[in-house]
Amino acid sequence: MKNIRNFCIIAHIDHGKSTLADRLLQVTKTVTDRELQSQTLDDMDLERERGITIKSHAIQMEYEKDGETYILNLIDTPGHVDFSYEVSRSIAACEGALLIVDAAQSIQAQTISNLYLALENDLEIIPVLNKIDLPSANPEEVTDDIVDLIGCDPSDVLRVSGKTGEGVEELLHTIIERIPAPQGDPNAPLQALIFDSVYNPFRGIEAFYKVVNGEIRKGDEVKFMATGRKYHADEIGTLKLTQVEKKIIKTGDVGYIISGIKTASEVKVGDTITLTENPAAEPIDGFEEVKPMVFAGIYPVDTEDYEELRASIEKLRLNDASLTYEAESSAALGFGFRCGFLGMLHLEIIQERLEREFNMTVITTVPNVSYEAYLEKNPTVMIPVHNPSELPDPTGLNRVEEPYIKASIITKSEFVGPVMSLCIEKRGELTSQNYLTQHRVELVFDMPLAEVVFDFYDRLKSISKGYASFDYTPSGMKASKLVKVDVMINGEIVDALSALIHIDNAYTIGKKMCEKLKELIPRQQFDIPIQAAIGAKIIARETIKALRKDVTAKCYGGDISRKRKLLEKQKAGKKRMRQIGRVEVPQSAFLAVLKLND
Numbered sequence: 001m002k003n004i005r006n007f008c009i010i011a012h013i014d015h016g017k018s019t020l021a022d023r024l025l026q027v028t029k030t031v032t033d034r035e036l037q038s039q040t041l042d043d044m045d046l047e048r049e050r051g052i053t054i055k056s057h058a059i060q061m062e063y064e065k066d067g068e069t070y071i072l073n074l075i076d077t078p079g080h081v082d083f084s085y086e087v088s089r090s091i092a093a094c095e096g097a098l099l100i101v102d103a104a105q106s107i108q109a110q111t112i113s114n115l116y117l118a119l120e121n122d123l124e125i126i127p128v129l130n131k132i133d134l135p136s137a138n139p140e141e142v143t144d145d146i147v148d149l150i151g152c153d154p155s156d157v158l159r160v161s162g163k164t165g166e167g168v169e170e171l172l173h174t175i176i177e178r179i180p181a182p183q184g185d186p187n188a189p190l191q192a193l194i195f196d197s198v199y200n201p202f203r204g205i206e207a208f209y210k211v212v213n214g215e216i217r218k219g220d221e222v223k224f225m226a227t228g229r230k231y232h233a234d235e236i237g238t239l240k241l242t243q244v245e246k247k248i249i250k251t252g253d254v255g256y257i258i259s260g261i262k263t264a265s266e267v268k269v270g271d272t273i274t275l276t277e278n279p280a281a282e283p284i285d286g287f288e289e290v291k292p293m294v295f296a297g298i299y300p301v302d303t304e305d306y307e308e309l310r311a312s313i314e315k316l317r318l319n320d321a322s323l324t325y326e327a328e329s330s331a332a333l334g335f336g337f338r339c340g341f342l343g344m345l346h347l348e349i350i351q352e353r354l355e356r357e358f359n360m361t362v363i364t365t366v367p368n369v370s371y372e373a374y375l376e377k378n379p380t381v382m383i384p385v386h387n388p389s390e391l392p393d394p395t396g397l398n399r400v401e402e403p404y405i406k407a408s409i410i411t412k413s414e415f416v417g418p419v420m421s422l423c424i425e426k427r428g429e430l431t432s433q434n435y436l437t438q439h440r441v442e443l444v445f446d447m448p449l450a451e452v453v454f455d456f457y458d459r460l461k462s463i464s465k466g467y468a469s470f471d472y473t474p475s476g477m478k479a480s481k482l483v484k485v486d487v488m489i490n491g492e493i494v495d496a497l498s499a500l501i502h503i504d505n506a507y508t509i510g511k512k513m514c515e516k517l518k519e520l521i522p523r524q525q526f527d528i529p530i531q532a533a534i535g536a537k538i539i540a541r542e543t544i545k546a547l548r549k550d551v552t553a554k555c556y557g558g559d560i561s562r563k564r565k566l567l568e569k570q571k572a573g574k575k576r577m578r579q580i581g582r583v584e585v586p587q588s589a590f591l592a593v594l595k596l597n598d
């Protein structure tokens with residue numbers, strides 16, 4: 001056990017984690033040059049296309065130092081704020097973390113956020129300055145920033161280049177010297193923490209775990225403590241680039257178990273595995289539940305695919321524990337699921353993975369956040385509102401509370417004005433402003449989560465020319481003047497387009513929604529009115545004009561009454577058509593609300 005080192009790589013997005021992981025695999029000869037490719041651990045097409053890590057990836061390396069062989073278990077984690085739950089799970093299975101900072105970009109918001117996450121778990125932090133080979137690198141200044149942030153000695157900051165491999169050998173030596181070996185009792189009853197799982201269509205569910213106490217052998221009967229289910233360990237092993245079967249996994253090591261589990265709900269990330277014969281007294285604690293930030297409805301395009309969609313979401317949840325879902329129905333879209341996501345990128349990735357991995361074409365409704373309503377007759381009882389259609393009748397409402405966040409934005413000093421204007425437009429209140437260096441400022445705002453959900457991140461990036469970094473933490477609920485804006489198409493309310501909006505923005509957003517839908521809904525044989533309403537009061541209207549057939553074309557000459565008769569007949573037909581006609585709302589219209597400012 002003294003030769004095992006478990007560590008993860010944490011950093012802001014695009015600071016070179018996956019590239020550095022590639023060099024570590026190459027130097028330790030875990031991967032041959034033939035197997036090596038850019039972002040070796042990112043095995044999803046989506047990750048390669050976008051150049052980001054979506055899933056944490058565990059891999060075992062072996063390295064020889066001073067005649068001794070060390071086992072290094074590395075977990076490469078995502079950097080985007082939407083996947084911070086993956087990072088928290090990886091940190092729970094490690095004793096140390098490499099904090100990577102780009103020598104050209106310096107410290108970003110997510111760097112600080114992930115660092116605090118690691119410090120809360122008492123991890124040994126090794127600061128690493130990456131990309132020192134870049135012409136724009138500024139290692140001296142960035143080293144000073146790191147020293148200010150974590151209070152280490154400048155000589156402790158390692159300088160490496162994930163691209164050229166410079167400094168990687170020294171980094172491996174430092175990992176062995178500074179990261180402590182796992183602490184655990186090999187003779188105690190088995191306790192293994194599940195930190196990830198994946199669905200294999202041929203072998204069932206594979207669970208990845210770290211053995212905290214005791215040991216697990218092939219063929220043992222094991223028990224999952226949260227669900228109480230018992231299974232046989234048909235196959236156990238360690239995680240190299242491919243899985244390597246073993247007879248025994250000892251204390252402190254990381255491995256996988258295959259036991260023929262077919263039902264997704266039977267494996268919970270954060271659960272503890274123990275032996276049936278000699279069970280542990282209690283499960284491992286300190287594993288936090290995920291808190292979704294953004295909610296959206298996901299519906300199958302064809303209602304018959306509902307059960308297939310349920311199975312697909314269940315399997316996807318195995319691989320992404322931060323996704324939450326429950327069944328719901330909509331008058332416009334039929335049966336579907338109300339899903340909880342950690343952010344807009346997370347929503348986008350889930351939708352894309354459903355289409356690619358499970359061939360499910362889905363309709364996604366307008367994302368919103370979860371509110372709390374209180375009635376006049378009973379002001380102490382909270383009613384959760386996940387969907388605008390769940391909002392109680394406004395006449396009996398006492399108040400509606402919405403979630404607020406503490407938003408931390410780090411930007412260059414020249415962009416402070418535009419960033420402040422954007423945050424104030426989004427109902428944010430500035431709580432603090434700190435100059436980290438002469439040119440870098442941290443702005444902290446108190447703002448409603450609902451305002452951040454749609455286009456905030458994209459607009460922040462464009463006004464700061466890509467330099468601003470953004471991170472947030474929930475700060476509680478506050479009462480707000482919110483109204484439910486309904487969209488009516490041809491006199492029918494489309495519940496999937498309803499939204500809870502602050503009263504000051506209701507008219508503007510209602511008008512923009514009507515204008516956007518007018519562009520996207522195809523013309524019919526009859527006039528289609530599009531209206532935005534608060535209760536019974538219409539606040540905006542647009543009309544899609546009818547496609548009109550020229551019925552008088554065959555009349556040339558003759559009495560005017562012949563033409564009038566044909567026009568009257570057409571008018572009556574259009575009126576009847578409008579009463580019975582149905583308007584198909586295309587998928588693009590449901591997501592159009594996200595791009596109202598385009």
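Residue numbers (UniProt numbering): 1 to 598. Cβ atoms here follow ideal geometry from the backbone N, Cα and C, with glycine treated the same way.
Burial check for residue 15: the Cβ neighbour count within 10 Å reaches 16 or more, so the residue is buried. Straight through space, the alpha carbons of residue 356 and residue 464 are spaced by roughly 33 Å. In the three-state DSSP reduction, residue 260 falls in the coil class, being neither helix nor strand.
In the structure shown, residue 456 adopts helical secondary structure according to DSSP, grouped into three states.
With at least 16 other beta carbons inside 10 angstroms of its own, residue 404 counts as buried. No Cβ-Cβ contact shorter than 8 Å links residue 475 with residue 502.
Bridge partners of residue 158 according to DSSP: 128.
Straight across, the Cα-Cα distance linking residue 366 with residue 388 is about 10 Å.
Membership of residue 486 in the beta strand (DSSP E) is indicated by the continuous run 482-489. Annotation for residue 105: no beta strand (DSSP E) segment contains it, and DSSP assigns it neither H nor E. If you compare the alpha carbons of 551, 574, 376 with that of residue 566, the shortest gap goes to 551.
Judged by DSSP secondary structure, residue 317 falls within the alpha helix (DSSP H) whose first and last residues are 306-319.
Residue pairing by DSSP puts residue 541 in a beta bridge opposite 531.
Between residue 297 and residue 496 a beta carbon distance of about 6 Å is seen, short of the 8 Å cut, so the two are scored as contacting. DSSP places residue 386 in the coil class of the three-state scheme, outside both helix and strand.
Residue 87 sits in a helix when the DSSP states are folded into three classes. Out of 362, 390, 363, the CA that lies nearest to the CA of residue 372 is found in 390. Contact between residue 359 and residue 375 is absent: CB atoms are separated by about 45 Å, not below the 8 Å threshold. The shortest CA-to-CA distance from residue 326 to any of 543, 175, 386, 269 is the one to 386.
By the Cβ-count criterion, residue 382 is exposed, with fewer than 16 other Cβ atoms from all chains shown falling within 10 Å of its own Cβ. Check the Cα spacing between residue 107 and each of 169, 149, 483: the tightest is with 149. The continuous alpha helix (DSSP H) containing residue 350 extends over residues 344-358.
In the same chain as residue 5, and ignoring 5 residues on each side of it, the C-beta atoms closer than 8 Å to its own belong to 70, 71, 72, 73, 95, 96, 175, 176, 179, 181, in chain order. Taking 8 Å as the cut-off, the Cβ atoms of residue 110 and residue 469 count as close.
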